[in-house]
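Asker: All you need for the working numbering is the position in the sequence shown, starting with 1, plus 98.
My structure is below; once you've seen it, I'll send some questions.
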Amino acid sequence: MTDNIVIQNEEIISVGELNKSAKYLLENTFNSVSVIGEISNLSKPSSGHIYFTLKDEDGAIRCAMFRNQNLKLNFSPENGNQCVLKGQVSIYAARGDYQLIVKSIEPAGSGNLMQKFEALKKKLDEEGLFDKSKKIDIPSSPKHIGIITSSSTAAFQDVISTIKRRAPSAQISLSEATVQGDNAHVSIIKALNRIINFNEMNGDNKIDVVILSRGGGSIEDLWCFNNEELAREIFSFPIPTISGVGHEIDFTICDFVSDIRVPTPTASAELVTEFIYQLSDKLKNNKIKLNKNIKNVFEDMKQSIDLNKSKLKNPITLLREKSQSLDNMDARLQQNHKSILLVKSNKMNMVISSLTNTNPLSKLHLTKDKINTLLNNLNRNIEEKLKINQNNLEKLCKNIEILNPLSILDRGYAIVTNKEGVAVKSSKEVSKGEKLTARLSNGLIDIEVKNIND
């Protein structure tokens, strides 16, 4: 029950209400505190949370670090570690437990380093070394990529494999450097100078972009990348530089003076190959579409050929139709010839009958001349008609001869048939060892299939 009870003008609250009020006061008063102490009673349940006690000679406090914050740790805390914790003081209201909700943990020795980091960061920022207007653009499709790291690191292998997978045509050059230790910054500066010298001697094969790479670690492990001399060298470096140092939560001075910062070494390789990778992916998709379109075109052409093929008549059928047409024309020609002869004969009979009936001698010679003229005209007409019909007949015969498949044989061709007498039109219709017959212009040849070459 959380309702307040008033007795004799004095407010009485429940235990839960008291804890909630204390929780509210603590969380607002100590919203963000840094505490140093020794870790003890460390517990790591399967939930991913961390529970432990932070103590010193004068006291102790329960601590809880939840999974989403725990995942950001770059080291694994253990019992006995002296650490600096940042978090919020709170109370677990259900039990009234006073505790610290931890947001970050760092080894105690790193506190002084962080002060140095912040001081150098402020100094260089005020000098304009972080100015975005002074950054060099990263080339979209570099042909030659330089890498500064140690060849023995996993980060180097990740960068190499990522570039080769996404941009196999890109050239990669390693400028070896030590990336951890007191003199690592000197080694990195030498690696930068080697790249400058390389470009001066290789005008046609210059390095287009440089990746500064190292995997994650503690602030001490990455401290060489917070060196002022190295920062100034990177700022004045004439080649576009990508800082791929540490993990997403790790920041170094090199990140701010480089032309661009990415969270991991692998991300740096992905950045320099993004355009080529997308272009390659687009080309692959276009190739798939092109092949699909070509396939559709060929399929349409095949269907069109099949349709036209079905409309084409067999030469034998065409020859038969032409032969029938020729027979019909010959029949009509014979009929016309008979009709003409009959008409002329009837006319002649009429003339003879007229002469016989009249019989005047004076008209006899005249009639005889007319008869002779008519006979001459008749014969001439008959001859002309026969000549025309003969020419038509010869043309038809020539057409039939042209369409006759057997006439092709005289020009050196042959008709190959299988044992059923069916003409072979394609090499796919026969098999090795099959016996065939080749018809030539002057005879037949039996042949056997020895080999098939498509």
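Even for Gly, the Cβ is constructed at its ideal location relative to N, Cα and C.
Note that the structure is predicted; figures quoted are calculated from it, not measured.
Does the separation of the CB atoms of Thr364 and His345 fall below 8 Å?
Answerer: What you label residue 364 is simply residue 266 of the sequence shown in a count that begins at 1. What you label residue 345 is simply residue 247 of the sequence shown in a count that begins at 1. Cβ distance not < 8 Å, so Thr364 and His345 don't count as in contact.
Asker: Any idea if Arg193 is buried or exposed, counting beta-carbon neighbours within 10 angstroms, 16 or more meaning buried?
Answerer: Counting from 1 along the sequence shown, the entry for residue 193 is found at position 95. Counting Cβ neighbours within 10 Å, Arg193 comes out exposed, since fewer than 16 surround it.
Asker: Can you tell me whether DSSP reads Pro413 as helix, strand or coil?
Answerer: The residue given as residue 413 occupies position 315 in the sequence shown. If DSSP states are grouped into helix, strand and coil, Pro413 belongs with the helices.
Asker: Apart from the five residues just before and just after Glu176, which ones in its own chain have a Cβ nearer than 8 Å to its Cβ?
Answerer: Indexing the sequence shown from 1 puts residue 176 at position 78. Answer for Glu176: Ile137 and Leu140, listed in chain order.
Asker: Can you give me the Cβ contacts of Ser529 inside the same chain, cut-off strictly under 8 Å, excluding the 5 residues immediately before and after it?
Answerer: Numbered from its first residue, the sequence shown carries residue 529 at position 431. Hits under 8 Å: Val547 and Ile550.
Asker: In chain order, which continuous runs of the alpha helix (DSSP H) of length 4 or greater are located wholly inside the stretch 313-359?
Answerer: For the stretch 313-359, whole alpha helix (DSSP H) runs of length 4 or above, ordered along the chain, are 326-333 and 351-355.
Asker: Taking 8 Å as the threshold, find out whether the stretch 478-491 comes into contact with the stretch 513-524 through three or more Cβ pairs.
Answerer: Cβ pair count under 8 Å is below three, so no.
Asker: Could you pull the start and end residues of the beta strand (DSSP E) that Leu140 belongs to?
Answerer: Start at 1 with the first residue of the sequence shown, and residue 140 comes out as number 42. Run containing Leu140: Val131 to Ser141, per the beta strand (DSSP E) assignment.
Asker: Below 8 Å between beta carbons: does that hold for Ser311 and Val257?
Answerer: In the sequence shown, residue 311 corresponds to position 213, counting from 1. In the sequence shown, residue 257 corresponds to position 159, counting from 1. It is a contact, given that the beta carbons lie within the stated cut-off.
Asker: Inspect the beta-carbon positions of Ile305 and His242 and report whether they are closer than 8 Å.
Answerer: Translated into the one-based positions of the sequence shown, residue 305 becomes position 207. Translated into the one-based positions of the sequence shown, residue 242 becomes position 144. In contact: Ile305 and His242 (Cβ atoms closer than 8 Å).
Asker: State whether the stretch 176-188 contacts the stretch 197-206, with contact taken as three or more CB pairs (one from each stretch) at a distance under 8 Å.
Answerer: They touch, by the three-pair rule.
Asker: According to DSSP, is Gln432 part of a helix, a strand, or is it coil?
Answerer: Here residue 432 corresponds to residue number 334 of the sequence shown, with the count starting at 1. Looking at Gln432 - three-state DSSP - the assignment turns out to be helix.
Asker: Hey, quick one: how far does the alpha helix (DSSP H) through Lys121 stretch, first residue to last?
Answerer: The residue you call residue 121 lines up with position 23 of the sequence shown. Element bounds for Lys121: Val113 to Thr127.
Asker: Which complete beta strand (DSSP E) runs does the stretch 166-231 hold, if anything under 3 residues is left out?
Answerer: If we require 3 residues or more, the beta strand (DSSP E) runs fully inside the stretch 166-231 come out as 180-190 and 195-205.
Asker: Note down the Cα distance separating Asn497 from Asn444, rounded to an integer number of angstroms.
Answerer: Counted from its first residue, the sequence shown places residue 497 at position 399. Counted from its first residue, the sequence shown places residue 444 at position 346. Rounded to whole angstroms, Asn497 to Asn444 spans 38 Å at the Cα level.
Asker: Nearest to Asn325 by alpha carbon, out of Lys214, Glu372, Lys466 and Ile438?
Answerer: By one-based count along the sequence shown, residue 325 stands at place 227. Out of Lys214, Glu372, Lys466 and Ile438, Lys214 has the C-alpha closest to the C-alpha of Asn325.
Asker: In terms of alpha-carbon separation, which member of Glu499, Asn470 and Ile245 lies closest to Val370?
Answerer: For the purposes of this step, residue 370 is identified with residue 272 of the sequence shown, where counting begins at 1. It is Ile245.
Asker: State the DSSP-derived secondary structure class of Gln278, mapped to helix, strand or coil.
Answerer: The sequence position of residue 278 within the sequence shown is 180, counting from 1. Three-state result, Gln278: coil.
Asker: Check this for me: beta carbons of Ile337 and Val360, under 8 Å apart or not?
Answerer: Mapped onto the sequence shown, residue 337 falls at position 239. Mapped onto the sequence shown, residue 360 falls at position 262. No; because the gap between Cβ atoms is not below 8 Å, this pair is not in contact.
Asker: Looking at C-alpha atoms only, which residue of Leu431, Asn470 and Cys495 is the closest neighbour of Glu482?
Answerer: For the purposes of this step, residue 482 is identified with residue 384 of the sequence shown, where counting begins at 1. When each option's Cα is compared against that of Glu482, the closest is Leu431.
Asker: Whole-angstrom Cβ separation of Asn168 and His147, contact assumed at under 8 Å?
Answerer: Here residue 168 refers to the residue found at position 70 of the sequence shown. Here residue 147 refers to the residue found at position 49 of the sequence shown. With 8 Å as the limit, Asn168 and His147 qualify as a contact, their Cβ atoms being about 7 Å apart.
Asker: Closest to Ile234 by C-alpha separation, out of Ile332, Glu318 and Trp321, would be which residue?
Answerer: Counting from one through the sequence shown, the residue named residue 234 turns up at place 136. Nearest C-alpha to Ile234: Ile332.
Asker: Report buried or exposed for Gly541, applying the criterion of at least 16 other Cβ atoms within 10 angstroms of its Cβ.
Answerer: Residue 541 sits at position 443 when you count from the first residue of the sequence shown. Exposed: under 16 other Cβ atoms inside 10 Å.
Asker: Here's a check: name, in chain order, each residue in its chain whose Cβ is nearer than 7 Å to the Cβ of Asp319, leaving out the five neighbours to either side.
Answerer: Here residue 319 refers to the residue found at position 221 when the sequence shown is read from its first residue. Cβ neighbours of Asp319 beyond the five flanking positions: Gln278.
Asker: For Ser238, collect the residues of the same chain with a Cβ closer than 7 Å to its Cβ; drop the 5 residues on either side in sequence, then sort them by chain order.
Answerer: Numbered from its first residue, the sequence shown carries residue 238 at position 140. Closer than 7 Å at the Cβ level, and outside the excluded window around Ser238, lie Phe373.
Asker: Between which residues of its own chain and Asp229 is the CB-CB distance below 7 Å, once the five residues before and five after are set aside?
Answerer: Position 131 of the sequence shown holds residue 229. So the list is empty, once near-sequence residues are dropped.
Asker: How about Val113 and Leu222: are their beta carbons less than 8 Å apart?
Answerer: The residue given as residue 113 occupies position 15 in the sequence shown. The residue given as residue 222 occupies position 124 in the sequence shown. Against a cut-off of 8 Å, the Cβ pair of Leu222 and Val113 comes out as no contact.
Asker: Counting C-beta neighbours from all protein chains within 10 Å, is the total for Gly342 16 or more, i.e. buried, or is it exposed?
Answerer: Along the sequence shown, read from residue 1 onward, the residue named residue 342 stands at position 244. Result: buried.
Asker: Please report the distance separating the alpha-carbon of Asn117 from that of Ser188.
Answerer: Counting from one through the sequence shown, the residue named residue 117 turns up at place 19. Counting from one through the sequence shown, the residue named residue 188 turns up at place 90. Approximately 10 Å between the Cα atoms of the pair.
Asker: CB Lys121 to CB Ala191, shorter than 8 Å?
Answerer: Counting from one through the sequence shown, the residue named residue 121 turns up at place 23. Counting from one through the sequence shown, the residue named residue 191 turns up at place 93. Yes, they are a contact pair.
Asker: Go through its chain and collect everything with a Cβ distance to Met163's Cβ below 6 Å, but skip five positions before and after it.
Answerer: As a first step, residue 163 is located in the sequence shown; it is residue number 65 there, counting from the start. If we look at Met163 and ignore the five residues flanking it on each side, its Cβ neighbours are Ile148 and Val200.
Asker: Considering only C-alpha positions, which residue in the set Ser273, Met299 and Asn281 is nearest to Leu290?
Answerer: Along the sequence shown, one-based indexing puts residue 290 at 192. For Leu290, the nearest C-alpha among the options comes from Ser273.
Asker: Report the rounded CA-to-CA distance for Ala367 versus Ile294, giving the unit in angstroms.
Answerer: Start at 1 with the first residue of the sequence shown, and residue 367 comes out as number 269. Start at 1 with the first residue of the sequence shown, and residue 294 comes out as number 196. For Ala367 and Ile294, the distance between alpha carbons rounds to 21 Å.
Asker: Please go through the same chain and pick out, in chain order, the residues whose beta-carbon is closer than 8 Å to the beta-carbon of Lys288, but skip the five residues on each side of it.
Answerer: The sequence position of residue 288 within the sequence shown is 190, counting from 1. Same-chain partners within the cutoff: Ala275.
Asker: Going by beta carbon distance, what residues of the same chain come within less than 6 Å of Ala158, once the five residues before and after it are set aside?
Answerer: For the purposes of this step, residue 158 is taken as residue 60 along the sequence shown, with counting starting at 1. These residues qualify, in order along the chain: Thr151.
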